[in-house]
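When we follow our numbering, the leftmost residue of the sequence shown carries the number 26, and every step to the right adds one. Please read the structure below before turning to the comments.
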Amino acid sequence: MRYPFAPRARGRPDGRPLLWIMANHATPRQRAKTDLPTTTRPRQPERKTARCVANSYLQKPSYGNFPCALRASLPRTGAVVMIRILILAGILILGTAGRATSDEEPAPLRATANGQGIEVREGKQPILFYQRTSKSQEGKFERAHYVHPLYDLDGNVLTEDFPADHPHHRGIFWAWHQVWLGDRKLGDPWLASDFSWQVHAVETTLPNPDLLQLRCFVTWTSPQAVDALGARLPLVRETTTIRIHRAESQQRNIDFRIKLQALQANIQIGGSEDAKGYGGFSPRIRLPAGLRFRGETGLVEPQRTAVQGGAWMDIVGHFSDPVRLSGLAILCHPANPGFPQGWILRSSGSMQNAVYPGRHPVPLSLQSPLMLSYRLVLHRGEPEPSVLARWQQDFASPPAASP
26 MRYPFAPRAR GRPDGRPLLW IMANHATPRQ RAKTDLPTTT RPRQPERKTA
76 RCVANSYLQK PSYGNFPCAL RASLPRTGAV VMIRILILAG ILILGTAGRA
126 TSDEEPAPLR ATANGQGIEV REGKQPILFY QRTSKSQEGK FERAHYVHPL
176 YDLDGNVLTE DFPADHPHHR GIFWAWHQVW LGDRKLGDPW LASDFSWQVH
226 AVETTLPNPD LLQLRCFVTW TSPQAVDALG ARLPLVRETT TIRIHRAESQ
276 QRNIDFRIKL QALQANIQIG GSEDAKGYGG FSPRIRLPAG LRFRGETGLV
326 EPQRTAVQGG AWMDIVGHFS DPVRLSGLAI LCHPANPGFP QGWILRSSGS
376 MQNAVYPGRH PVPLSLQSPL MLSYRLVLHR GEPEPSVLAR WQQDFASPPA
426 ASP
C-alpha cells in the first residue's frame, strides 16, 4: 500500500514512505510513539547500493552494514592490494636473483691427462699436476710418481722440481734412502739413483662433486735386482690415492694415502742412515724469508736433526704476497705407525719431512700393506691453533683406508 501523502525516499525505488523507513529503523521507544505497526520484513541491504556508492567518498562507512562497508572500502583496499602486489613482486624478483646466485653450479673438478701425467683443475683454476712418466735433468735424477706443480689458492706455484741446491727433490714426494732385499741395498730412491717407479695405471674418479680422486698403481724396481734372465724383479707394489677436495673460502685439503706391500721376501725400507734419519713424505716448497713453523706444541725452531711438533706442522709466510700471509699445513693421521712422527724442518734450501721410519729400516709385509696417510691444507692467513686442532680432528675422524 502506498500513502499518497508520503514522499518517496531519495534513492528508494520501492516507494516505501519515509515514516515506514523510520519505523523499521527506530528504537522500540521510538516505535511506541509512532503508532505504526512494526514489521518483521528482512532488510534488503542491496537496495542501498546507490546511497552507499554515492556517499562512500564522503563519509566513513558503517561496518554494521556490510555491503556499504565493503563498497566504501574498495578504493582503499585496492590501493593496499596494489602496494602488496608490488612488494611481493619485488621480493620474488630478489628471491629469484638470489636463488640464481646461490644455486649457480660450482666450477667442476676436472682431471686431464697428457703425455706426461694428469692435471687437476677446479674450473679454470689449476690445482696440481701428477707426474706419471719418468722425468730427468740431462739424464740424471730420473724420477716419476710425484706431484709438481702444486698451486696455492691464488694459482701461484708452491712446489719446486730439480732445485739447484738438491736437484733430486721433486714437488710433493715420498721416498727413502734405504730399500733392502735381504742383505742387499738397492739403489737410492731418495736420490733418484738406480731406482724406478713404473706407474701401470691411474684411476680417476669423482666420489662426489666436491672430491676428485687419483688412484695410482705403481711397482718399484731397481737395475740391481734382476732375475736369471736379467729382467728386473718387482720389489714393492704401491697403491697411492690422492684425494683433491674442492676449495673452501680460505683453504683446500689434499690427501695422500700410501700403501706399500712387498712383492719379494725380506724387503725393508728406511730413512737416511745418519742421525737425521730423514725419509718418507716430503713437500719441497718455495721458502720465502721469515717463515714460521707451528706444531701442535706451538712455535718450532728447525734443528739439524728431527724435532718434535706433534700431529701437524703449519708453515706460514709470505709465499705469494708481500703483505698477506698464507701457508701449508701438513697433518699426520693417527693410524700411521710411529705416530706422532718427528719432523725434519728447513727454513731455506730444502724440503720438509714427516720422518718415518727413521734411520733404522722396517720390513714390508707380503700380506698386509704398510699404510701412511697425510693431508696437506693450503690456506690463507695464519690459522689459530684451535683451527689447526679442528683440521686435525676432521682428518682423523674418517677411516684412513682408501676405498
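Positions of the beta carbon are idealized from the N, C-alpha and C atoms, including for glycine. As the structure is a prediction and not an experimental result, all values here were calculated from the model.
Under the three-state DSSP convention, the category residue i falls into
| i | result |
| --- | --- |
| Pro18 | Any answer about residue 18 is impossible in this case: the structure gives the chain only from 26 up to 428. |
| Trp416 | helix |
| Ala300 | coil |
| Pro410 | helix |
| Ala421 | helix |
| Leu312 | coil |
| Trp215 | coil |
| Ser274 | coil |
| Pro133 | coil |
| Leu350 | coil |
| Asn139 | coil |
| His173 | strand |
| Ser345 | coil |
| His194 | coil |
| Leu389 | coil |
| Ser427 | Reliability fails at Ser427, whose pLDDT of 46 lies under 50, so the model's placement of it is uncertain and no value is given. |
| His202 | coil |
| Gly323 | strand |
| Tyr82 | Residue confidence is low: Tyr82 scores 35 on pLDDT, short of 50, so the model does not pin down where it sits. Its coordinate-derived value is still stated next. Coil, per DSSP. |
| Leu117 | Residue placement at Leu117 cannot be trusted, given a pLDDT of 49 that sits under 50; the coordinates are not used to answer. |
| Arg400 | strand |
| Lys149 | coil |
| Arg268 | strand |
| Ala287 | strand |
| Arg384 | coil |
| Ala226 | strand |
| Arg168 | strand |
Cβ neighbours of residue i in the same chain (closer than 7 Å, five flanking residues each side left out)
| i | result |
| --- | --- |
| Pro248 | Asp219, Arg257 |
| Asp186 | His173, Arg195, Gly196 |
| Val332 | Val325, Gly367, Trp368, Leu370 |
| Pro327 | Phe318, Leu370, Arg371, Ser372 |
| Ser297 | His202, Tyr303, Gly304, Arg384 |
| Ile294 | Trp201, Gln203, Val204, Pro386, Val387, Leu389 |
| Arg311 | Leu183, Glu185, Phe344 |
| Leu175 | Leu153, Leu183, Thr184, Gly196, Ile197 |
Nearest candidate by alpha-carbon position, reference residue i, set the options
| i | options | result |
| --- | --- | --- |
| Arg262 | Glu144, Ala287, Leu183 | Ala287 |
| Asp213 | Phe166, Tyr399, Leu350, Arg415 | Phe166 |
| Pro308 | Thr264, Trp245, Pro188, Lys149 | Pro188 |
| Asn291 | Trp205, Gly406, His270 | Trp205 |
| Leu391 | Leu285, Gln156, Leu134 | Leu285 |
| Pro192 | Gln238, Ile279, Arg209, Gly164 | Gly164 |
| Arg349 | Gly255, Pro151, Asp179, Lys149 | Asp179 |
| Cys241 | Gly255, Gln276, Pro151, Gln156 | Gln156 |
| Gln276 | Thr266, Thr265, Arg415, Val402 | Val402 |
CB-CB length for residue i against residue j, believed under 8 Å
| i | j | result |
| --- | --- | --- |
| Ala169 | Leu211 | Their Cβ separation, rounded to whole angstroms, is 17 Å, which puts Ala169 and Leu211 out of contact at 8 Å. |
| His358 | Phe420 | 6 Å |
| Val172 | Ile197 | 4 Å |
| Gly335 | Pro365 | 5 Å |
| Val380 | Gly304 | 7 Å |
| Ala354 | His404 | 7 Å |
| Glu407 | Gly320 | So it is not a contact: roughly 14 Å between Cβ atoms. |
| Gln238 | Thr266 | 6 Å |
Residue i burial status per 10 Å Cβ neighbour count (16 or more: buried)
| i | result |
| --- | --- |
| Glu273 | exposed |
| Leu183 | buried |
| His385 | exposed |
| Glu147 | buried |
| Ala131 | Note that residue 131 corresponds to Pro in the displayed sequence, not to Ala. Flag for Pro131 reads exposed. |
| Arg268 | buried |
| Pro347 | exposed |
| Leu397 | buried |
| Leu413 | buried |
| Asp177 | buried |
| Ser6 | What the structure shows of the chain is the stretch from 26 to 428, and residue 6 is not part of that stretch, so it cannot be assessed. |
| Arg400 | buried |
| Thr330 | exposed |
| Phe300 | At residue 300 the sequence reads Ala, which differs from the Phe that was named. Per the 10 Å Cβ criterion, exposed. |
| Asn233 | exposed |
| Asn378 | buried |
| Ser422 | exposed |
| Arg209 | exposed |
Neighbourhood of residue i by C-beta distance below 6 Å, restricted to the same chain and skipping five residues each side
| i | result |
| --- | --- |
| Ser161 | Glu167 |
| Gln417 | Ala336, Trp337, Leu356 |
| Val141 | Strictly speaking, residue 141 in this sequence is Gln, with Val absent from that position. Closer than 6 Å at Cβ, skipping near neighbours: Thr158. |
| Thr137 | Glu144 |
| Gly374 | Asp190 |
| Ser411 | none |
| Gly363 | Tyr381 |
Contacts around residue i, its chain only, beta-carbon distance under 8 Å, and the 5 residues preceding and following it disregarded
| i | result |
| --- | --- |
| Leu260 | Val204, Leu206, Leu211, Thr244, Trp245, Thr246, Ser247, Ala250, Ala287, Leu288, Gln289, Ile292 |
| Leu432 | In the structure displayed, the chain extends from 26 to 428; residue 432 sits before or after that span and is not available. |
| Leu236 | Leu134, Arg268, Ile269, His270, Arg271 |
Proximity test, Cβ basis, 8 Å: residue i and chain B
| i | result |
| --- | --- |
| Leu231 | Checking the listed chains, one finds no chain B in this structure; it contains a single protein chain. |
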